[in-house]
Amino acid sequence: MRTARRRVASLFSSALLLSSIGAAIAPPSRAEVLVRAQGRCKLVSGGLKDYNGHCLFKHKAAGGSDVFVVRLDDGSNFVFRGPNTQALSVQTYSGIRNVRHKAERDHDVFIWDDEGERRRLSVRLDHVQNPDVTFEDEPQQASTGALVGAAVGALIGNLIGGGDSSTSTSRSRESASVGAPVGELQDLVGRKGGQAEPNLVRRGYIYRGGSTGISSKFSFWEQPGTGNCVGIETSDGRYQKIVYADRSSCD
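My numbering numbers the first residue of the sequence shown as 350 and each following residue consecutively.
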């Protein structure tokens, strides 16, 4: 009788163990995409406009959490997540920050504080795309309409990927003589170095070194696509001047 009880207890314990292992290795629930859309975004940091242009927006839900993903055309990405749309947070270089989300009549607003500055990201959707779109990949002859659509898609992909041809053109036309302002980076003048530096990296700039003066610090960056050397003067923690520097400063 005791032997039979031990066997039952052993089988019961084994069943519990298998059940717990099964729960541990169960695949995570798939995120449900609620909205995927193209739109226009404006980012303001500390009262200064950082960005105003096209963006991609996605809202998805998974495991009882809401996630908003906003991707700006300059390569910046923002991921807001939380148990609901009114309890969101965002990971920043200085840590996790609480986010206030406001759904206005024709746009959404995300507001948070980072390194003592108020940041505000406004998103207005142009049109909503089907979040569950599928495609058939059987071989078929492409129509003229399909070819045109592919060309447009490639152009959009190039813009999202940071390969904006207008930027390359402006660089080629811009004078890269020593001391000349770097046009595409003038929006960073006045920004805190700690916030502006990640923006430089996202834009493809490569840090090549720096030096310290009496009242200012200088950093040197290689410009993507051209190899030009860019010098940045920082004082009081903020970018004061961004100009082309002698190539030797980046060697």
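Yeah, the Cβ is synthetic: ideal placement off N, Cα and C, and Gly gets one too.
What you are looking at is a predicted structure, and each value in this text was computed from that prediction instead of being measured.
- Per DSSP, reduced to three states, the secondary structure at Q440 is strand.
- For V458, the enclosing beta strand (DSSP E) stretches over residues 457-463.
- By the Cβ rule, the stretch 537-550 does not count as touching the stretch 401-421, because fewer than three pairs are nearer than 8 Å.
- Q572 is positioned such that its CB atom lies no closer than 9 Å to that of V527.
- Between R587 and the set A594, K566, K407, the nearest pair of CA atoms involves K566.
- Taking 9 Å as the cut-off, the beta carbon of R446 is found no closer than this to the beta carbon of V393.
- The residues R473, in chain order, have a CB closer than 7 Å to that of D455 in the same chain once the five nearest residues on each side in sequence are set aside.
- Residue pairing from DSSP places R446 in a beta bridge opposite V439.
- Taking C-alpha positions only, T575 is separated from A436 by approximately 44 Å.
- DSSP, read as helix, strand or coil, puts A525 in coil.
- Closest option to G388, judged by alpha-carbon separation, among V382, G396, D399, V418: V418.
- One thing to note: A525 has its Cβ no nearer than 9 Å to the Cβ of L537.
- Per DSSP, the unbroken beta strand (DSSP E) holding N401 starts and ends at 397-411.
- Counted as a single uninterrupted DSSP element, the alpha helix (DSSP H) harbouring G543 occupies residues 542-551.
- Secondary structure at D536: helix, using DSSP grouped into helix, strand and coil.
- Here the C-alpha atom of S584 lies approximately 12 Å from the C-alpha atom of G543.
- Of the candidates D457, C578, V592, D457 places its Cα closest to the Cα of V384.
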